[in-house]
Amino acid sequence: MEYRMTIAGLERALPICKLSDDLAIGAFVIFGDQELTVACARDLLKKAPEYDYMIAPEAKGIPLVHEMARQSGAKKYFLARKAPKLYMRDVFSATVRSITTAKEQTLYLDKADAEQMKGKRILIVDDVISSGESLHALENLVEKAGGIIVGRMAILVEGEAQYRADLTYLEKLPLFRPDGTVIA
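According to the working numbering, the residues represented by the sequence shown are 3 to 186, in order.
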């Protein structure tokens, strides 16, 4: 089963993946789809507020934030990592449990990145926002760093996220029953 939709002017088929006995999602995977990544970055940048830096969560947000930085001429963006890396010093964290993750995860930010964010306008970027848990963790990291959140952007929103007035996005993605029918 798949769900066909147009995103940034490009038609794509998203596989429908069962999450539980009563819920399935359209799996949006931007990895490897360079054409879609470029188009989504372009269209999101048209809607972006003024910002100094962008931040995205590891891992599916990486190609998007990278392409947005490339197109906008930004020389730096930040990543909230899923695990501390050897080069990271004085890390701090925020915990998250997203709709697509089987267990609780923690996102980490390096102190050096945090120092660069302090007092700066930060744009949060992700591929899909569903429950808002990953977004909440990113907000916590930016706030701990002393950054000023100026926007929250995603390619797609699904579930409760589509009703949030503080999100900027390209398209709404419905939730599904395991049989592939759309949940109204």
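Ideal placement from N, C-alpha and C gives every residue a C-beta, glycine not left out. Everything numeric in this text was worked out from a predicted model, so none of it was measured.
Original post:
Which two residues bound the contiguous alpha helix (DSSP H) that contains Gln36?
Top reply: Gln36 to Lys49
Original post:
Under the three-state reduction of DSSP, which class applies to Met155: helix, strand or coil?
Top reply: strand
**OP:** Identify, in the order they occur along the chain, each residue of the same chain with its Cβ nearer than 6 angstroms to the Cβ of Val67, setting aside the five sequence neighbours on each side.
**Re:** Met56, Ala58, Tyr79 and Val127
Subject >> Residue nearest to Glu160 in terms of C-alpha spacing, selected from Gly11, Ile27, Tyr5 and Arg6 >> reply: Ile27
**OP:** Give a yes or no on whether the C-beta atoms belonging to Ile9 and Ile157 are separated by under 8 angstroms.
**Re:** yes
**OP:** Label Glu69 either buried or exposed according to how many other C-beta atoms from any shown protein chain fall within 10 Å of its C-beta, with 16 as the threshold for buried.
**Re:** buried
**OP:** Reducing DSSP to helix, strand and coil, say where Pro176 ends up.
**Re:** Note: Pro176 maps to coil in three-state DSSP.
Subject >> First through last residue of the beta strand (DSSP E) which encompasses Pro86 >> reply: From DSSP, Pro86 is part of no beta strand (DSSP E); its letter is neither H nor E.
Original post:
In the structure shown, what three-state DSSP assignment does Leu169 receive?
Top reply: coil
Subject >> Given 8 angstroms, three or more beta-carbon pairs between the segment 131-148 and the segment 36-48 >> reply: no
**OP:** Note down, in chain order, each residue of its chain lying with its Cβ closer than 6 angstroms to the Cβ of Met3, except the 5 sequence neighbours on either side.
**Re:** Ile18 and Gly182
Original post:
Should Met155 and Tyr171 be called a contact, given that it needs their Cβ atoms to be closer than 8 angstroms?
Top reply: yes
**OP:** Go ahead and label Leu12 buried or exposed: buried means 16 or more other beta carbons lie within 10 angstroms of its beta carbon, across all protein chains shown.
**Re:** exposed
Original post:
Do you know offhand how far Leu125's Cα is from Asp54's?
Top reply: 8 angstroms
Original post:
In angstroms, rounded to a whole number, what distance separates the CA positions of Val40 and Ala76?
Top reply: Between Val40 and Ala76, the C-alpha separation is close to 15 angstroms.
Subject >> Where the alpha helix (DSSP H) through Asp128 begins and ends >> reply: No alpha helix (DSSP H) contains Asp128, which is instead part of the beta strand (DSSP E) from Arg123 to Ile131.
Subject >> Residue nearest to Val152 in terms of C-alpha spacing, selected from Met7, Glu117, Leu169 and Leu38 >> reply: Leu169
**OP:** Could you spell out where the beta strand (DSSP E) holding Ala61 opens and where it closes?
**Re:** Where Ala61 is concerned, there is no enclosing beta strand (DSSP E), given that its DSSP letter is neither H nor E.
Original post:
Helix, strand or coil: how does DSSP classify Glu145 here?
Top reply: helix
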